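The structure under discussion appears below in the form of structure tokens.
Residue numbers (this note's numbering): 38 to 144.
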């Protein structure tokens with residue numbers, strides 16, 4: 038049985054007190070088109086489509102289970118440059134890293 042956290046997206050958004058580019062967590066803009074996975078040099082299909090969906094649905098356990106994947110992202114922005122919805126993917130991944138640091142690693 039999976040427990041859902043309806044406040045997860047807000048918690049991720051608040052985990053990053055600053056944003057280097059002035060953008061906040063905007064995973065809800067993702068159209069789930071798959072361009073990001075197609076252009077990822079690491080071949081990380083989970084990022085960002087499924088991972089952002091986990092956050093929006095409040096599936097905190099699934100987010101935490103993918104900590105290694107979250108930290109595998111190179112933040113090269115290939116996905117972001119090609120995103121037709123203009124999702125700030127690199128900033129979203131940074132927000133997820135801050136959230137993981139606080140929730141998993143207690144930093």
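Every residue gets a Cβ at the ideal spot worked out from N, C-alpha and C, and that includes glycine. Computed from a predicted model, the values in this text were never measured in an experiment.
6 angstroms CB neighbourhood of residue i in its chain, flanking five on each side removed
i	result
residue 130	110
Proximity below 8 angstroms, CB of residue i to CB of residue j
i	j	result
residue 126	residue 73	yes
residue 93	residue 132	no
residue 85	residue 116	yes
residue 80	residue 42	no
residue 39	residue 98	yes
Coarse secondary structure for residue i, derived from DSSP in three states
i	result
residue 116	helix
Own chain residues within Cβ distance below 7 angstroms of residue i, not counting five before or after
i	result
residue 83	103 and 106
residue 135	52 and 53
Short CB-CB distance (under 8 angstroms) between residue i and chain D
i	result
residue 111	Considering every chain present, this structure includes no chain D. It has just one protein chain.
Same chain only: Cβ atoms within 8 angstroms of residue i, ignoring 5 sequence neighbours per side
i	result
residue 78	111, 113 and 115
residue 101	137, 140 and 141
Inset, instruction - Write down every uninterrupted run of the alpha helix (DSSP H) in the region 44-81 whose length is 4 residues or greater and which is fully enclosed by it, in chain order. - result: 45-52 and 72-76
Legend entry - Ranges of the alpha helix (DSSP H) found wholly within the region 87-144, counting only runs of at least 4: Within the region 87-144, the complete alpha helix (DSSP H) runs of at least 4 residues fall at 97-102, 104-109, 115-119 and 126-140.
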